[in-house]
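Enquirer: Sharing a structure below in structure tokens format, with a few things to ask.
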Amino acid sequence: MERFREVRGTKDLRPGEIERWHYLEKIVRTVMDRYGYLEIRTPMFESTELFSRSIGSDTDIVQKEMYTFPDRKGRSLTLRPEGTASVARSYLQHNMGRGKAVTKLYYMGPMFRYERPQKGRFRQFHQFGTEAIGSPAAWYDTETISVFYEILDAAGLGPLTVRLGSVGDPGCRPAYTSLLKEYLRARSDELCGNCKERMEKNPLRVLDCKNRSCGGAIESAPSLLDHLCEPCTAHLGEVRSTLEKGGIPFELDRSLVRGLDYYSRTVFEIHHDELGAQSALGGGGRYDGLLEDLGGPPTPGVGFSAGMERIITVAESLEIEWDGGDEPMIYVAPVEETAAGDVFPLVRRLRRRWKTEGVREVRNLKTVLKRASRAGAGIVLLLGAGGALTVKRMDTGDETGVSVDHLEEEVEDLRKAIAARRSEERDS
Ligand code: HAM
Numbered sequence: 066m067e068r069f070r071e072v073r074g075t076k077d078l079r080p081g082e083i084e085r086w087h088y089l090e091k092i093v094r095t096v097m098d099r100y101g102y103l104e105i106r107t108p109m110f111e112s113t114e115l116f117s118r119s120i121g122s123d124t125d126i127v128q129k130e131m132y133t134f135p136d137r138k139g140r141s142l143t144l145r146p147e148g149t150a151s152v153a154r155s156y157l158q159h160n161m162g163r164g165k166a167v168t169k170l171y172y173m174g175p176m177f178r179y180e181r182p183q184k185g186r187f188r189q190f191h192q193f194g195t196e197a198i199g200s201p202a203a204w205y206d207t208e209t210i211s212v213f214y215e216i217l218d219a220a221g222l223g224p225l226t227v228r229l230g231s232v233g234d235p236g237c238r239p240a241y242t243s244l245l246k247e248y249l250r251a252r253s254d255e256l257c258g259n260c261k262e263r264m265e266k267n268p269l270r271v272l273d274c275k276n277r278s279c280g281g282a283i284e285s286a287p288s289l290l291d292h293l294c295e296p297c298t299a300h301l302g303e304v305r306s307t308l309e310k311g312g313i314p315f316e317l318d319r320s321l322v323r324g325l326d327y328y329s330r331t332v333f334e335i336h337h338d339e340l341g342a343q344s345a346l347g348g349g350g351r352y353d354g355l356l357e358d359l360g361g362p363p364t365p366g367v368g369f370s371a372g373m374e375r376i377i378t379v380a381e382s383l384e385i386e387w388d389g390g391d392e393p394m395i396y397v398a399p400v401e402e403t404a405a406g407d408v409f410p411l412v413r414r415l416r417r418r419w420k421t422e423g424v425r426e427v428r429n430l431k432t433v434l435k436r437a438s439r440a441g442a443g444i445v446l447l448l449g450a451g452g453a454l455t456v457k458r459m460d461t462g463d464e465t466g467v468s469v470d471h472l473e474e475e476v477e478d479l480r481k482a483i484a485a486r487r488s489e490e491r492d493s
């Protein structure tokens with residue numbers, strides 16, 4: 066019978082790699098906490114309309130990439146393709162902004178998009194991200210870029226490129242959109258089939274096309290940055306100067322547009338050269354009209370999301386040591402049949418403080434050590450007749466007898482000695 070496999074575009078995260086995920090998750094939580102973002106967990110599926118209304122009904126995500134299905138009562142539901150819409154929905158539903166100038170939230174979890182799987186692109190992937198809702202101030206745009214940059218930096222992922230742009234607001238964008246449409250119509254014979262369609266419905270989308278044939282037309286297209294209204298120009302100027310003062314390097318990207326329609330003013334992405342075509346580790350921007358579009362009062366917001374698979378791929382290719390779970394494990398084994406019954410209570414006692422494995426079967430010493438080493442043990446405890454205890458250090462092979470009353474102290478000393486040796490080895 067044919068065996069089952071992971072569904073195309075999905076991936077099991079197994080022991081051996083999950084440790085990297087834990088480490089990244091820990092960095093994310095630590096930095097988010099320092100920046101004052103609180104965690105929110107929203108459901109994995111929502112009503113389909115939430116996404117079509119927020120992301121935009123003629124974006125690729127809504128048109129082609131959503132996992133949409135009717136439930137048993139015929140309601141249309143969708144597996145979330147991103148987190149912002151759900152957070153905005155939850156913010157409005159629970160009136161989370163009551164009595165606060167800004168509400169700062171972060172999230173982490175799986176998202177679903179029916180895309181063509183390739184390096185850095187999956188159908189189930191994971192994002193972490195933030196949403197700061199309630200303030201129009203450029204301060205929060207900068208803080209959003211900063212918290213993302215800080216996480217990547219803390220994970221050792223340099224060098225990074227922050228690309229910054231602006232998509233204007235409903236005041237200045239329409240005039241630019243008509244100008245762009247006119248320009249694209251004049252060069253429509255150079256555009257791919259998709260872009261010929263996009264050009265009429267949503268010309269900004271054309272600027273995001275990765276098809277080589279469209280490259281020439283995109284490159285010399287007019288830039289929105291030259292057509293921003295005065296308040297949008299001032300807003301971008303403030304983000305730029307705050308980033309400069311804060312020492313966060315960035316490049317102004319004159320044609321940066323994003324795959325979602327809810328943005329206004331600031332947009333940005335952080336890239337890493339290691340990733341090639343899918344080089345965006347993440348991106349985000351301001352969405353001052355989104356909450357109103359979802360039926361709420363006018364409420365500005367800004368946020369980002371990062372692709373965790375992509376971050377982990379870069380960390381792997383840079384060979385960054387990210388294991389964190391490097392604790393020397395303790396392995397307990399009897400060397401006499403009469404001691405076999407003492408293994409379990411001892412293992413239980415040690416597990417109150419440390420990672421410990423035990424076996425009940427008596428084997429010769431060579432086999433015990435081989436198995437302990439395969440299990441990743443740093444310390445082996447051998448139990449003999451009458452409660453005799455021998456402690457063995459796996460890295461040096463040293464062994465000593467120890468009394469059961471002083472076991473914890475002895476183990477603690479050994480752990481320190483092993484950790485010191487490991488860090489010396491790492492530094493040399
Ligand atoms: P996005 O640009 O669609 O933005 O996605 C953010 C990041 O998620 C991407 O840069 C990429 O690293 C990762 N990503 C997206 N699709 C895939 C995929 N199929 N496989 C692997 N990784 C992927 C958003 O999702 C917005 N919600 C960002 C935001 C938050 N804007 C404001 N607040």
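Using this note's numbering, read the sequence shown as starting at 66 and increasing by one per residue.
Note that beta-carbon positions come from the ideal geometry of N, C-alpha and C, so glycine has one too.
#1: Which whole-angstrom value is the C-beta distance of C294 and G230, which I expect to be below 8 Å?
#2: Considering only their Cβ atoms, is the gap separating A219 from V96 smaller than 7 Å?
#3: Return the bridge partner residues of H191 from the DSSP annotation.
#4: Near K420, what residues of its chain come up, given a Cβ to Cβ distance below 8 Å and the 5 sequence neighbours on each side ignored?
#5: Under the rule that 16 or more other beta-carbon atoms within 10 Å means buried, what is K169, buried or exposed?
#6: Grab the span of the alpha helix (DSSP H) containing P296 for me, first residue to last.
#7: Just reading off the beta strand (DSSP E) that T226 is part of, what are its end residues?
#8: Would you say the beta carbon of S200 is closer than 6 Å to some non-hydrogen atom of the ligand HAM?
#9: Sorted by chain position, which residues of the same chain lie with C-beta nearer than 6 Å to A437's C-beta, five sequence neighbours on each side aside?
#10: For S370, verify whether its CB is less than 6 Å away from any heavy atom of the ligand HAM.
#11: Identify which residue in S370, R439, A450 has its Cα closest to the Cα of G406.
#12: Tell me, which residues are paired with Y396 by DSSP?
#13: Report the three-state DSSP secondary structure of H336 (helix, strand or coil).
#14: Distance, Cα to Cα, L269 vs F187?
#15: Note down, in chain order, each residue of its chain lying with its Cβ closer than 8 Å to the Cβ of D273, except the 5 sequence neighbours on either side.
#16: Can you pull the DSSP bridge partners for V367?
#17: Where R68 and D136 are concerned, what is the direct C-alpha to C-alpha distance, given to the nearest angstrom?
#18: Do the stretch 359-374 and the stretch 143-159 meet, that is, are 3 or more Cβ pairs less than 8 Å apart?
#19: Could you tell me whether the Cβ atoms of T149 and T133 are closer together than 7 Å?
#20: Let me know the secondary structure DSSP gives P268 once reduced to three states.
#21: What number of angstroms, rounded off, separates the C-alpha of K431 from the C-alpha of M173?
#22: Taking just the CA atoms, how far does M264 sit from K246?
#23: Return yes when the Cβ of V367 is within less than 7 Å of the Cβ of Y205, no when it is not.
#24: Quick test of your reading: M66 and Q192, contact by CB under 8 Å. State the CB separation rounded to the nearest angstrom.
#25: Alpha carbon to alpha carbon, how far is T209 from G236?
#26: What number of angstroms, rounded off, separates the C-alpha of K310 from the C-alpha of L301?
#27: If you check the beta carbons only, do E402 and V427 fall under 7 Å apart?
#28: Let me make sure I understand the geometry here. Which of G74, R70, K76, L89 has the alpha-carbon closest to that of E381?
#29: From the DSSP output, in three-state form, read off T209 for me.
#30: Roughly how far, in whole angstroms, is the beta-carbon of H337 from the beta-carbon of V379, given that I think they are within contact range, below 8 Å?
#31: Could you tell me whether any non-hydrogen atom of the ligand HAM is closer than 6 Å to the CB of G174?
#32: Since I believe R106 is in contact with P146 (beta carbons under 8 Å), could you give me their beta-carbon distance rounded to a whole number of angstroms?
#33: Enumerate in chain order the residues of its own chain whose CB-to-CB distance from G441 is below 7 Å, with the five nearest sequence positions on each side excluded.
#34: Looking at G199: is its Cβ nearer than 7 Å to the Cβ of A166?
#35: Compare the C-alpha of I313 against each of V304, G164, Y171 and name the closest.
#36: For A404, count neighbouring C-beta atoms within 10 Å of its own C-beta (all shown protein chains included) and say buried if the count is 16 or more, exposed if not.
Expert: In short, the structure shows the following:
#1: Taking the first residue of the sequence shown as position 1, residue 294 is located at position 229. Taking the first residue of the sequence shown as position 1, residue 230 is located at position 165. A Cβ-Cβ distance of about 15 Å is found for the pair C294 and G230, leaving them out of contact under the 8 Å criterion.
#2: Position 31 of the sequence shown holds residue 96. Position 154 of the sequence shown holds residue 219. Yes.
#3: The count along the sequence shown starts at 1 and reaches residue 191 at position 126. Per DSSP, P175.
#4: In the sequence shown, the residue the question calls residue 420 occupies position 355. So the qualifying residues of the chain are E392, M394, I395.
#5: Residue 169 sits at position 104 when you count from the first residue of the sequence shown. It is buried - the Cβ of K169 has at least 16 other Cβ atoms within 10 Å.
#6: Here residue 296 refers to the residue found at position 231 when the sequence shown is read from its first residue. Note, P296: alpha helix (DSSP H), 295-311.
#7: The residue you call residue 226 lines up with position 161 of the sequence shown. Segment 226-231, the beta strand (DSSP E) holding T226.
#8: Within the sequence shown, residue 200 is the residue found at index 135, counting from 1. No, Cβ of S200 sits at least 6 Å from all heavy atoms of the ligand HAM.
#9: For the purposes of this step, residue 437 is taken as the residue at position 372 of the sequence shown. Excluding residues within five positions, the ones whose Cβ falls inside 6 Å are Y396, V445.
#10: Here residue 370 refers to the residue found at position 305 when the sequence shown is read from its first residue. At least one heavy atom of the ligand HAM is found less than 6 Å from the C-beta of S370.
#11: Within the sequence shown, the letter at position 341 stands for residue 406. Closest option to G406, Cα to Cα, is A450.
#12: On the sequence shown, residue 396 is found 331 positions in, with the first residue counted as 1. DSSP, once it has assigned bridges, lists E422, V445 as partnering Y396.
#13: Working through the sequence shown from its first residue, we reach residue 336 at position 271. Note: H336 maps to strand in three-state DSSP.
#14: In the sequence shown, counting from the first residue as 1, residue 269 sits at position 204. In the sequence shown, counting from the first residue as 1, residue 187 sits at position 122. Approximately 25 Å between the Cα atoms of the pair.
#15: To locate residue 273, count along the sequence shown from 1; it is residue 208. The residues are V322, R323, G324.
#16: Taking the sequence shown and counting its residues from 1, the one referred to as residue 367 is at position 302. Answer by DSSP bridge pairing, in chain order: A197, R351.
#17: Stepping through the sequence shown from its first residue, residue 68 is reached at position 3. Stepping through the sequence shown from its first residue, residue 136 is reached at position 71. Straight-line Cα distance between these residues: approximately 29 Å.
#18: yes
#19: Counting from one through the sequence shown, the residue named residue 149 turns up at place 84. Counting from one through the sequence shown, the residue named residue 133 turns up at place 68. Their beta carbons are not under 7 Å apart, which means T149 does not touch T133 by this criterion.
#20: One-based indexing of the sequence shown puts residue 268 at position 203. Three-state result, P268: helix.
#21: The residue you call residue 431 lines up with position 366 of the sequence shown. The residue you call residue 173 lines up with position 108 of the sequence shown. When rounded, the distance between both Cα atoms is 46 Å.
#22: Your numbering for residue 246 matches position 181 in the sequence shown. Your numbering for residue 264 matches position 199 in the sequence shown. Going by the C-alpha atoms only, they are around 6 Å apart.
#23: The residue labelled residue 205 in the question sits at position 140 within the sequence shown. The residue labelled residue 367 in the question sits at position 302 within the sequence shown. Closer than 7 Å, so yes.
#24: Counting from one through the sequence shown, the residue named residue 66 turns up at place 1. Counting from one through the sequence shown, the residue named residue 192 turns up at place 127. Actually they are not in contact, since the Cβ atoms of M66 and Q192 sit about 36 Å apart, beyond 8 Å.
#25: Counting from 1 along the sequence shown, the entry for residue 209 is found at position 144. Counting from 1 along the sequence shown, the entry for residue 236 is found at position 171. Roughly 24 Å between the two C-alpha positions.
#26: Looking up residue 310 in the sequence shown gives position 245. Looking up residue 301 in the sequence shown gives position 236. Answer to the nearest angstrom: the Cα atoms are 14 Å apart.
#27: In the sequence shown, residue 402 corresponds to position 337, counting from 1. In the sequence shown, residue 427 corresponds to position 362, counting from 1. In this structure, V427 lies closer than 7 Å to E402 by Cβ.
#28: Within the sequence shown, numbered from 1, the residue matching residue 381 stands at position 316. Residue L89 is the option with its Cα nearest to E381.
#29: Within the sequence shown, the letter at position 144 stands for residue 209. Correct three-state label for T209: helix.
#30: Within the sequence shown, residue 337 is the residue found at index 272, counting from 1. Within the sequence shown, residue 379 is the residue found at index 314, counting from 1. Right, the Cβ-Cβ distance comes to about 5 Å (below 8 Å), so this counts as a contact.
#31: On the sequence shown, residue 174 is found 109 positions in, with the first residue counted as 1. No - the ligand HAM has no heavy atom lying nearer than 6 Å to the Cβ of G174.
#32: Here residue 146 refers to the residue found at position 81 of the sequence shown. Here residue 106 refers to the residue found at position 41 of the sequence shown. P146 to R106, Cβ: 17 Å. No contact.
#33: Taking the first residue of the sequence shown as position 1, residue 441 is located at position 376. Closer than 7 Å at Cβ, skipping near neighbours: M394.
#34: Walking along the sequence shown from the start, residue 199 turns up at place 134. Walking along the sequence shown from the start, residue 166 turns up at place 101. Yes; because the gap between Cβ atoms is below 7 Å, this pair is in contact.
#35: For this step, residue 313 is matched to residue 248 along the sequence shown. Considering only V304, G164, Y171, the residue with the shortest C-alpha distance to I313 is V304.
#36: Residue numbering aside, residue 404 sits at position 339 when the sequence shown is read from its first letter. A404 is buried by the Cβ-count criterion.
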